[in-house]
Amino acid sequence: MLGAQIKKFRQARGMTQGELAEQLHVVRQTVSKWEKGASVPDADLLPRLSAALEVPVETLLELEDTAATRVQARLETLEAERNKQRKANEKRGLLILFAFAALLLAPVCQDRAWSIAVVAAFALAGMAVLLRNLELLTGVAPGDKGRGAMVATTAGSIVLVLALAAVIFLEEQGVITLTAQGEQLLAAGIIGVVILLGGIASPRLPFNRHVGLRLPWTVRDADTWYLAHRLLGRISVPVLLFYLAGVLAVDSFEAVSTVALLSWIGIPAALSYRFYWKKFHPRE
């Protein structure tokens, strides 16, 4: 308000209403009315009022507030975005560092058990970084739809890797012994859990580039992404039943596992690619 501005700058200069009125050649009551908002100065008085209070007319009228505030807000937004991007790049760099460290250190370990432990440790560290910086790296904020599924998927991956690494480490150290059939059952159980939990979580995952079916066409288009993950969820139970039946009926465990996983991932991948192609190449 102009009246509040007049009062603020008058008091800042230590002037009384009478002193300001004298400089403007008006009566004190006029200045009082301006400051109370009962009236406003005539347009021809504004330059003299500005000079008397030693502030620009734009400041007095708060005209610069909109433009300057918008510019300042935009600058602050850009700075915040730059800081966010820099932090995200630092975290991505850390994930890449973990991957390279695992590749470099695992072959150095003479003991296979410790080699597996090193790989598992870096994998767990990477997933922990992703879980801790989920909003920064994926843009999925607390309260967003699908965040719970992302957290559950990442946390479930951590538990699965930890359990598998522990079993392999203990077996290599001779603490536990698994027969060939026992190893196959363990592997079948892990694959079955992945298919089942993946099928439950997939339709709930938000569009992102970090968790889920990350194919070149799914990460480029949200509609394609959601279609692929809906399909993944729908075929999970049939694929799981087929897989369990195959494990019990067929001698080649590797062949059954390969067919099941390729079917589980390949069918949604192929159908979503067909959808993506038709969406962006409608005339071809």
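Taking this note's numbering, the leading residue of the sequence shown gets 664, the next gets one more, and so forth.
Quick reminder that beta carbons are idealized off the backbone N, C-alpha and C, glycines included.
Inter-residue spacing [alpha-carbon to alpha-carbon] between residue i and residue j
| i | j | result |
| --- | --- | --- |
| V803 | V814 | 10 angstroms |
| V874 | L868 | 8 angstroms |
| A751 | L799 | 6 angstroms |
| V830 | Y906 | 23 angstroms |
| L797 | G837 | 38 angstroms |
| K696 | L708 | 15 angstroms |
| A769 | F943 | 44 angstroms |
| T722 | G806 | 41 angstroms |
| G852 | I779 | 20 angstroms |
| K670 | D705 | 17 angstroms |
| R749 | R872 | 18 angstroms |
| V703 | E682 | 18 angstroms |
| V718 | F672 | 8 angstroms |
| Q680 | E739 | 39 angstroms |
| L766 | P945 | 44 angstroms |
| E698 | E742 | 38 angstroms |
| L924 | A912 | 17 angstroms |
| A783 | A850 | 17 angstroms |
| A843 | D914 | 13 angstroms |
| Q674 | V720 | 17 angstroms |
| R883 | Q773 | 43 angstroms |
| F916 | A933 | 25 angstroms |
| R937 | R893 | 15 angstroms |
| E753 | E744 | 14 angstroms |
| R810 | E846 | 34 angstroms |
| V771 | P901 | 42 angstroms |
| K941 | K808 | 28 angstroms |
Own chain residues within Cβ distance below 8 angstroms of residue i, not counting five before or after
| i | result |
| --- | --- |
| T840 | E834 |
| L794 | V814, T817, A818, I821 |
| V857 | L823 |
| K747 | L799 |
Residue i versus the options, residue with shortest Cα-Cα distance
| i | options | result |
| --- | --- | --- |
| L848 | G909, N871, I928, T801 | G909 |
| G929 | L878, K942, F916 | L878 |
| A828 | L911, R872, Q668, R775 | R775 |
| A701 | R673, L724, A667, F672 | A667 |
| R755 | V781, T801, A784 | T801 |
| S935 | L876, L911, F916 | L876 |
| W927 | R810, G855, K941 | G855 |
| V781 | V857, F832, G845 | F832 |
Cβ pair residue i, residue j closer than 8 angstroms
| i | j | result |
| --- | --- | --- |
| A885 | P931 | no |
| L716 | R676 | yes |
| L724 | L665 | yes |
Cut-off 7 angstroms between Cβ atoms - residues of its own chain near residue i, not counting five sequence neighbours on either side
| i | result |
| --- | --- |
| L859 | S899, L903 |
| A812 | A864, R867, L868 |
| T693 | A684 |
| Y939 | W880, D884, T887 |
Residues of its chain near residue i, where Cβ-Cβ distance is below 6 angstroms and the 5 sequence neighbours each way are ignored
| i | result |
| --- | --- |
| W888 | F870, T881 |
| F785 | F761, A764, A765 |
| M678 | none |
Contact test: residue i Cβ vs the ligand FAD heavy atom, cutoff 7 angstroms
| i | result |
| --- | --- |
| R749 | As presented, the structure is devoid of all ligands, the ligand FAD included, so that no description of it is given. |
If we count Cβ pairs, one from each stretch, closer than 8 angstroms, do we get three or more for the segment 860-868 versus the segment 911-920? With a cut-off of 8 angstroms, the segment 911-920 and the segment 860-868 do not count as touching, because too few Cβ pairs lie within range.
Pairing CB atoms from the segment 816-825 with CB atoms from the segment 889-909, are three or more of them under 8 angstroms? Using a C-beta cut-off of 8 angstroms, the segment 816-825 makes no contact with the segment 889-909, since fewer than three inter-stretch Cβ pairs fall below that distance.
contact_flag[the segment 752-767, the segment 783-793] where n(CB pairs < 8 angstroms) is 3 or more: At 8 angstroms Cβ cutoff, the stretches touch.
Three CB pairs or more closer than 8 angstroms across the segment 710-727 and the segment 681-691: As far as the Cβ criterion goes, the segment 710-727 touches the segment 681-691, which means the pair count is three or higher.
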